[in-house]
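**Q**
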Amino acid sequence: MRSWRIVIGKRPLAGLAVISILALVALCVGVLVGVKTCSVSVSAWDRQISLSTRADTVADVLVGLNISLSPGDVVDPSPETAIADGLEIEIERARPVFIHWSGKSLPVFTAENRVSKILSMAHVEKEANDVVYPGLEEELTEDCIIRVARVTYGEVEEREEIPYDTQKREDGSLEAGLTRVYNQGVTGLIQVLYRVRYEDGKEVSREEKSRAKIRDMSPLILLVGSMQQVSRGGHDIRFERALEVTATAYCPCTKCCGLTAAGTTCTGVPATKGVIAVDPRVIPLGTRVYVDGYGYALAADVGSAIKGSKIDVCFDTHEQALAWGLKKTKVYMLRQ
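Here it is in structure tokens:
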């Protein structure tokens with residue numbers, strides 16, 4: 011009689027092993043599928059980096075790139091934002107901004123450009139009369155300085171002078187070329203009251219509020235000579251103009267003219283009485299003149315000390331020159 015046995019074949023056992031392997035593979039695939047890879051870009055320092063990452067947040071991406079943030083830096087989107095495929099991360103670095111306020115310079119590190127926001131971040135509150143440079147709604151460009159100026163007002167009194175006028179009056183009793191002061195000029199005086207605007211204690215503008223006259227101006231009145239004829243020694247002398255001068259004297263000796271004295275003037279005219287040395291810029295050489303106290307003469311010589319309204323009259327002897335000495339006199343330039 012045949013006996014039966016239950017036999018488990020080799021094929022069923024092999025199928026079970028395959029199913030187990032497939033399950034393990036499926037599990038591994040499931041785990042791998044749960045870790046998502048995203049493509050993101052990071053913009054900073056005028057550079058852009060594109061990368062694939064499995065990071066969870068923006069902060070994780072920055073850590074992976076070894077990018078550290080400083081106070082005031084701005085990250086968009088925020089560091090806590092979850093990573094998504096195609097995310098663009100922008101970093102704007104803070105820069106130092108100096109706020110001049112109440113006599114101090116306050117440094118602030120910020121990436122913000124609008125003046126009002128920077129002041130708010132720095133907890134700077136302007137008073138009603140304060141003025142801000144640049145304006146609150148303006149944005150900083152290259153100059154990273156904000157000035158909050160304290161505005162105050164005050165009154166200042168000042169005195170202003172009114173220059174006097176000069177008036178000329180013809181005087182027939184005075185020689186032509188000469189002038190005399192008839193009335194000494196006096197400046198006028200006015201007191202002016204100003205309202206002054208100060209910024210941080212420094213004057214920036216002023217507005218006139220009132221003015222009051224303290225003293226009237228008085229003009230300078232000059233008498234201008236017009237007389238062109240004088241009488242000397244019973245003779246009438248007609249002239250173009252007169253000149254008040256300081257007159258010294260010399261002679262052609264070596265004491266007056268030095269060891270090289272030749273007895274002639276610079277124009278070649280003999281140095282004798284009737285010749286005078288002049289400043290050619292005042293009295294041209296060759297001009298015939300009449301000198302009060304000396305007589306008629308010819309401007310024919312020059313001298314190193316004869317400048318401006320000075321003349322040197324020539325005598326024949328040294329004694330005569332010494333006797334003349336130094337005098338204030340008049341020179342009349344004769345009509346040619």
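Quick note, the numbering used here runs 10 ahead of the 1-based positions in the sequence shown. All C-beta atoms, glycine included, are put in the ideal place defined by N, C-alpha and C. The structure presented is a predicted model; accordingly, all values stated were derived computationally and were not measured.
#1: Assign V141 to one of three DSSP states: helix, strand, or coil.
#2: Would you report the Cα separation of V299 and P229, rounded to the nearest angstrom?
#3: Looking only at its chain, what residues have a beta carbon closer than 6 Å to the beta carbon of I59, apart from the 5 residues adjacent to it on each side?
#4: Please list the segments of the beta strand (DSSP E) lying wholly inside the segment 172 to 221, counting only runs of 3 or more residues, in order along the chain.
#5: Once DSSP output is grouped into helix, strand and coil, what is the label at S126?
#6: Helix or strand or just coil, what does DSSP make of G68?
#7: Need the endpoints of the beta strand (DSSP E) that A309 sits in, please.
#8: Helix or strand or just coil, what does DSSP make of V301?
#9: Measure the alpha-carbon distance for F325 versus I231 and round it to whole angstroms.
#10: Give the DSSP-derived three-state secondary structure of W373 in the structure shown.
#11: Could you check how far apart the C-beta atoms of L97 and V50 are, in whole angstroms? I think they sit under 8 Å.
#12: Quick check: what's the CA-CA separation for Q177 versus D210?
#13: Is it buried or exposed, W111, if we count other Cβ atoms within 10 angstroms and call 16 or more buried?
#14: I'd like the span of the beta strand (DSSP E) that includes A257, first residue to last.
#15: Helix, strand or coil for T264, going by three-state DSSP, please let me know.
#16: Give me the Cα-Cα distance between K340 and A252, rounded to the nearest whole angstrom.
#17: Secondary structure at Q58, three-state DSSP: helix, strand or coil?
#18: Using the three-state DSSP reduction, which class does G235 fall into: helix, strand or coil?
#19: When you compare the CB positions of K337 and A281, do they come within less than 8 Å of one another, or not?
#20: Tell me the rounded alpha-carbon separation between T67 and A121.
#21: Name the one or two DSSP bridge partners that D322 has.
#22: Take D140 and list the residues in its own chain whose beta-carbon comes closer than 7 Å to its own, dropping the five residues that flank it on each side.
#23: Suppose the cutoff is 8 Å on Cβ atoms and the five residues either side in sequence are ignored; what does the same chain contact list for V292 look like?
**A** In terms of the structure at hand:
#1: Counting from 1 along the sequence shown, the entry for residue 141 is found at position 131. DSSP places V141 in strand when its eight states are reduced to three.
#2: Locating residue 299 in the sequence shown gives position 289, counting from the first residue. Locating residue 229 in the sequence shown gives position 219, counting from the first residue. Whole-angstrom Cα-Cα distance: 35 Å.
#3: On the sequence shown, residue 59 is found 49 positions in, with the first residue counted as 1. If we look at I59 and ignore the five residues flanking it on each side, its Cβ neighbours are V52.
#4: 176 to 185, 189 to 193, 198 to 209
#5: For the purposes of this step, residue 126 is taken as residue 116 along the sequence shown, with counting starting at 1. Correct three-state label for S126: helix.
#6: What you label residue 68 is simply residue 58 of the sequence shown in a count that begins at 1. Note that residue 68 corresponds to Val in the displayed sequence, not to Gly. Looking at V68 - three-state DSSP - the assignment turns out to be helix.
#7: The residue given as residue 309 occupies position 299 in the sequence shown. Element bounds for A309: 305 to 311.
#8: Locating residue 301 in the sequence shown gives position 291, where the first residue counts as 1. Correct three-state label for V301: strand.
#9: On the sequence shown, residue 325 is found 315 positions in, with the first residue counted as 1. On the sequence shown, residue 231 is found 221 positions in, with the first residue counted as 1. Going from the Cα of F325 to the Cα of I231 covers about 40 Å.
#10: Any property of residue 373 remains undetermined from this structure, which presents the chain solely from 11 to 346.
#11: Numbered from its first residue, the sequence shown carries residue 97 at position 87. Numbered from its first residue, the sequence shown carries residue 50 at position 40. Sure, about 5 Å apart at Cβ, within 8 Å.
#12: By one-based count along the sequence shown, residue 177 stands at place 167. By one-based count along the sequence shown, residue 210 stands at place 200. Near 48 Å, if we compare the C-alpha coordinates of D210 and Q177.
#13: As a working mapping, residue 111 is identified with position 101 in the sequence shown. Under this definition W111 is a buried residue.
#14: Taking the sequence shown and counting its residues from 1, the one referred to as residue 257 is at position 247. Run containing A257: 245 to 260, per the beta strand (DSSP E) assignment.
#15: Taking the first residue of the sequence shown as position 1, residue 264 is located at position 254. Correct three-state label for T264: helix.
#16: Counted from its first residue, the sequence shown places residue 340 at position 330. Counted from its first residue, the sequence shown places residue 252 at position 242. Rounded to the nearest angstrom, the two C-alpha atoms are 7 Å apart.
#17: Counting from 1 along the sequence shown, the entry for residue 58 is found at position 48. Looking at Q58 - three-state DSSP - the assignment turns out to be strand.
#18: In the sequence shown, the residue the question calls residue 235 occupies position 225. G235 falls in the strand class under three-state DSSP.
#19: Here residue 337 refers to the residue found at position 327 when the sequence shown is read from its first residue. Here residue 281 refers to the residue found at position 271 when the sequence shown is read from its first residue. Taking 8 Å as the Cβ cut-off, K337 and A281 do not qualify as a contacting pair.
#20: Within the sequence shown, residue 67 is the residue found at index 57, counting from 1. Within the sequence shown, residue 121 is the residue found at index 111, counting from 1. The straight-line gap from Cα to Cα measures roughly 22 Å.
#21: The residue given as residue 322 occupies position 312 in the sequence shown. T258, A287.
#22: Position 130 of the sequence shown, counting from 1, holds the residue named residue 140. Taken in chain order, the residues that qualify are V158, A159, R160, V161.
#23: Within the sequence shown, residue 292 is the residue found at index 282, counting from 1. Cβ neighbours of V292 beyond the five flanking positions: L253, G318, S319.
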